[in-house]
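Chains as they are written, first to last, in my numbering: chain A, 372 to 588; chain B, 8 to 100; chain C, 3 to 655.
Heads up: the structure comes next, in structure tokens.
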């Protein structure tokens with residue numbers, strides 16, 4: 372039982388029987404390494420919209436800026452630079468839900484995001500190591516925090532401060548901030564497949580090479 | 008028809024991909040020069056150069072000066088051979 | 003809106019927590035405003051004429067109520083204290099992460115007095131506070147100190163963020179600064195010396211608490227709107243890529259740099275006159291202070307191929323130099339290589355020392371040498387060894403820096419408080435008058451930009467409450483000839499944008515000081531506002547964000563009055579110390595020596611100085627002869643109690 376009831380932002384509650392096929396999340400978050408500037412606004416905004424009483428606390432955010440991601444990538448061969456650690460909304464049911472020993476996950480009917488049911492959650496914390504991306508977080512109150520995609524209008528994407536030079540259409544920039552919310556491209560094609568961490572970087576690289584996004588330099 | 012020269016610095020230089028260019032304009036006004044520049048370098052340059060609401064030269068974060076270091080306005084007259092310099096208007100910090 | 007102040011008495015080691023009630027926010031807004039009030043109150047019961055390096059001085063840190071709220075206008079913590087190098091009101095802003103993290107502890111304001119018997123650091127962990135032995139940190143620079151503290155304090159309840167001083171602060175060098183997180187610097191006025199004089203090596207904070215927003219829906223909506231506005235402002239993109247380096251080419255063109263101690267106003271030397279290096283150097287990350295929608299900073303690494311000089315600094319990482327890092331190196335000291343400018347930036351940050359006063363102290367001496375006013379043996383006497391003083395030579399420059407930081411020699415001792423006191427002391431020592439080669443404004447503070455063609459900027463140099471300063475009343479309208487802004491600020495009049503007349507220059511300083519005071523009290527960065535001063539007004543537009551965060555709803559007129567009140571308290575502090583009109587002045591070079599290059603040759607301050615100063619006092623409602631506040635001017639901003647104090651001491655007009 373959680374002691375501080377955070378607000379989940381969902382359009383409803385949908386549950387599926389044990390062996391049923393659960394539709395995948397279609398539009399999900401992506402974060403670009405090396406374009407994150409560690410402005411923290413995504414953490415601030417996420418915590419604020421989920422707070423029942425107007426409190427900003429980055430330790431209640433469902434994403435975290437990774438301060439020292441020593442993960443080399445083609446974009447950043449030195450492995451330096453920040454990246455937002457976000458929920459990857461894996462193929463449903465996601466690994467976090469699969470390891471859950473109780474009925475503490477449900478799905479948002481609109482986005483199909485897996486969401487933690489705080490009232491049923493016994494805070495066993497199996498989902499924390501269960502997540503292949505380490506993006507189920509433990510709040511100071513002990514509550515488990517997982518991205519709910521804000522019911523389809525993720526506030527972190529809107530809050531993102533990075534303004535990489537982008538393709539320009541007319542006067543308005545095509546906004547592709549560090550966190551962007553887009554249709555899944557070519558990984559996670561089959562439901563229940565967990566994306567490899569490398570795939571995401573490869574996908575970013577492919578988009579770079581195809582000129583769909585540009586590098587920050 | 009007169010010829011005027013434009014020097015581009017910093018962000019303007021990036022938008023124009025060059026540090027200097029010359030323009031032949033029919034009407035000897037800053038407005039005509041601004042139009043030619045927008046035509047030559049596209050919407051990003053236009054966004055930096057022209058205020059979309061007032062259609063005056065955009066003064067936010069910019070500094071456009073004549074040879075005497077005076078800021079120019081849309082309605083100013085130009086003479087053959089004049090040089091206008093396009094600078095970023097940021098104060099030190 | 004309520005907040006907590008941590009009071010620390012380093013002499014006894016006693017600490018206590020005080021509530022800062024809503025009524026204080028209503029009077030002082032937050033941030034700067036509250037810091038000023040804390041210091042004012044302190045010096046009602048302590049001697050304001052105390053030695054700033056003594057136990058009676060106070061060191062205040064505060065972070066304003068818009069900081070970290072998702073407003074996206076950046077974040078600035080503020081330190082406030084009596085300045086040891088200028089002997090007057092002192093304050094300095096710094097961004098980064100430290101003020102952000104402080105908001106997640108139980109405290110948002112810290113007031114430190116006394117002197118610890120041994121070096122300590124203050125550790126704030128949520129609501130637990132302790133003074134910890136810092137002997138293992140003493141003698142280390144700010145980067146080392148931060149790294150060590152970060153490691154030893156672990157990651158629970160959060161990573162540690164720090165405010166620290168280097169050996170310069172430990173040695174109580176007057177121009178020593180305070181560095182936050184080895185990332186940002188509270189450079190001006192000598193806060194580092196105050197901490198050092200108290201044996202306070204650092205403040206470290208960790209927290210996993212929250213900060214309260216009074217009206218969250220409104221805050222999120224304002225934030226959304228602000229982001230859109232920033233997004234639509236094309237100038238933001240340029241600013242993101244260059245930070246304030248965008249000023250380099252602009253200043254080069256009009257002649258607004260400070261070359262070789264302001265003997266000229268344009269940089270020399272090819273590459274240094276352009277900001278094109280941003281494409282050549284290897285950027286590996288963009289960086290940001292917390293809660294900012296712009297992100298104007300970036301991290302670079304030198305690989306040695308950039309230039310000959312770069313080979314000395316292979317592997318060094320640095321943050322993109324800002325304008326003043328450049329102005330102090332390429333300007334005052336005539337450094338001509340960007341990797342050397344980057345190196346200068348790094349050492350002044352790691353050594354936690356103000357690059358303005360530091361560079362002007364060195365350039366003062368270099369000019370004396372250049373003009374053969376001093377001999378090689380004079381120089382050897384200062385440095386205790388043979389020493390060359392070559393313009394732009396990083397070896398010579400670095401030795402000068404170390405001389406001051408480590409107080410190695412006579413040069414270090416004489417010039418540790420900046421060029422003004424340095425010039426006075428050196429003139430006395432040599433029995434000659436070298437004052438005309440010292441560059442400074444009010445209080446003896448220096449600034450590495452050309453002032454002479456710009457009457458508003460010059461006025462700022464003469465009146466700013468913390469000594470010569472460009473930020474408090476920044477002359478945006480004038481330097482960029484913004485007729486559009488002049489019309490908005492002054493009912494359709496354009497003279498504020500006209501460099502050739504004194505009209506509306508002092509007025510401009512006065513009005514903008516009120517606005518900047520608001521931003522400094524909100525706890526946000528000034529640069530967002532600067533990118534569209536008419537669009538994002540502190541008193542109207544930002545006022546709504548302030549209301550959402552604090553529940554304090556003010557009209558724009560009321561907020562301008564609040565800003566004026568904050569400025570008047572700073573002024574009152576200086577009046578108590580004995581400052582009058584004659585202290586609102588600038589150095590000889592700025593006042594009397596005309597510029598001979600740039601777009602506005604033949605400019606001097608003298609032409610317009612007095613009419614502009616008169617107008618500034620008029621707009622403030624202060625007495626023109628003495629420069630002092632009148633009772634009416636104070637009561638008009640709700641400071642009758644301050645008028646009483648000043649009257650008792652003969653500092654009221």
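Glycine residues also receive a C-beta, built at the ideal position from the N, C-alpha and C atoms.
Bear in mind the structure is a predicted one, so any value in this text is a computation, not a measurement.
Check                                                                                                                                                                                   : Outcome
Going by C-alpha distance, which of C:22, C:215 and C:169 is nearest residue 426 (chain A)?                                                                                             : C:215
What is the C-beta distance between residue 412 (chain C) and residue 365 (chain C), in whole angstroms, given that I count them as a contact (C-beta under 8 Å)?                       : Incorrect: roughly 18 Å between the Cβ atoms, too far for contact.
Is residue 553 (chain C) near the ligand PLP, judged by its Cβ being under 7 Å from some heavy atom?                                                                                    : In terms of ligand content, the structure shown is empty, and the ligand PLP therefore cannot be addressed.
Got a sec: is the Cβ-Cβ distance from residue 427 (chain A) to anything in chain C below 8 Å?                                                                                           : yes
Can you tell me where the beta strand (DSSP E) with residue 48 (chain B) in it begins and where it stops?                                                                               : No beta strand (DSSP E) holds residue 48 (chain B); the alpha helix (DSSP H) holding it covers 37-48.
Compute the Euclidean distance between the alpha carbons of residue 248 (chain C) and residue 275 (chain C), then round it to the nearest angstrom.                                     : 11 Å
To which residues does DSSP link residue 70 (chain B) through a beta bridge?                                                                                                            : B:94
Alpha carbon to alpha carbon, how far is residue 87 (chain B) from residue 43 (chain B)?                                                                                                : 15 Å
Comparing the C-beta of residue 109 (chain C) with each C-beta of chain B, is any distance below 8 Å?                                                                                   : no
Does any residue of chain B have a CB that is nearer than 8 Å to the CB of residue 358 (chain C)?                                                                                       : no
Put residue 123 (chain C) into one of helix, strand or coil per three-state DSSP.                                                                                                       : strand
Find the nearest neighbour of residue 512 (chain A) within the set C:212, C:370, C:66 and C:102, judged by alpha-carbon distance.                                                       : C:212
What is the DSSP secondary structure of residue 393 (chain C), reduced to helix, strand or coil?                                                                                        : coil
Apart from the five residues just before and just after residue 387 (chain A), which ones in its own chain have a Cβ nearer than 6 Å to its Cβ?                                         : 393
Counting contacts by CB-CB distance shorter than 8 Å, is residue 241 (chain C) in contact with chain B?                                                                                 : yes
Name, going along the chain, the residues of the region 374-395 of chain A whose beta-carbon falls closer than 8 Å to a beta-carbon of chain C.                                         : none
Looking only at its chain, what residues have a beta carbon closer than 6 Å to the beta carbon of residue 468 (chain C), apart from the 5 residues adjacent to it on each side?         : 91, 92, 93 and 191
Using beta carbons (cut-off 8 Å, strictly below), is residue 506 (chain A) in contact with chain C?                                                                                     : no
In the DSSP output, what is residue 436 (chain A) paired with across the bridge?                                                                                                        : A:455
Enumerate in chain order the residues of its own chain whose CB-to-CB distance from residue 593 (chain C) is below 8 Å, with the five nearest sequence positions on each side excluded. : 587, 606, 607, 608 and 611
Is residue 84 (chain B) helix, strand or coil by DSSP?                                                                                                                                  : strand
Which term fits residue 397 (chain A), buried or exposed, when burial requires 16 or more other beta carbons within 10 angstroms of its beta carbon?                                    : exposed
Got a sec? Which residues, its chain only, sit under 6 Å from residue 288 (chain C) by beta carbon, not counting five neighbours each side?                                             : 297 and 300
Extract the residue ranges of the beta strand (DSSP E) inside the region 538-579 of chain C, only unbroken runs of 3 or more that lie entirely within it.                               : none
Determine which residues of the region 270-295 of chain C have a Cβ less than 7 Å from any Cβ of chain A, and write them out in chain order.                                            : 285, 286, 287, 288, 289, 290, 292, 293, 294 and 295
Since residue 41 (chain C) is in the alpha helix (DSSP H), which residue starts that stretch and which ends it?                                                                         : 33-47
Please decide whether residue 509 (chain A) counts as near chain C, where near means a Cβ-Cβ distance under 8 Å.                                                                        : no
Take residue 9 (chain C) and list the residues in its own chain whose beta-carbon comes closer than 7 Å to its own, dropping the five residues that flank it on each side.              : 17, 18, 20 and 113
For a test of the three-state rule: what should DSSP assign to residue 208 (chain C), helix, strand or coil?                                                                            : strand
Under 8 Å, Cβ to Cβ, is there at least one residue of chain B near residue 193 (chain C)?                                                                                               : no
Ordered along the chain, which non-local residues of its own chain (more than five positions away) have a Cβ less than 6 Å from that of residue 427 (chain C)?                          : 416
Can you tell which of B:18, B:68 and B:63 has its C-alpha closest to the C-alpha of residue 39 (chain B)?                                                                               : B:63
Please state the DSSP three-state secondary structure of residue 478 (chain C).                                                                                                         : helix
Would you mind listing the alpha helix (DSSP H) stretches within the region 320-372 of chain C that are 4+ residues and don't spill past its ends, in chain order?                      : 325-328, 340-352 and 357-372
Suppose you measure from the CA of residue 209 (chain C) to the CA of residue 284 (chain C); what does that come to, to the nearest Å?                                                  : 35 Å
Answer with buried or exposed for residue 534 (chain A), where buried requires no fewer than 16 other C-beta atoms within 10 angstroms of its C-beta.                                   : Only weak support is given to the placement of residue 534 (chain A): the predicted model assigns it a pLDDT of 46, under 50, and the value that follows is read from those uncertain coordinates. So residue 534 (chain A) counts as buried.
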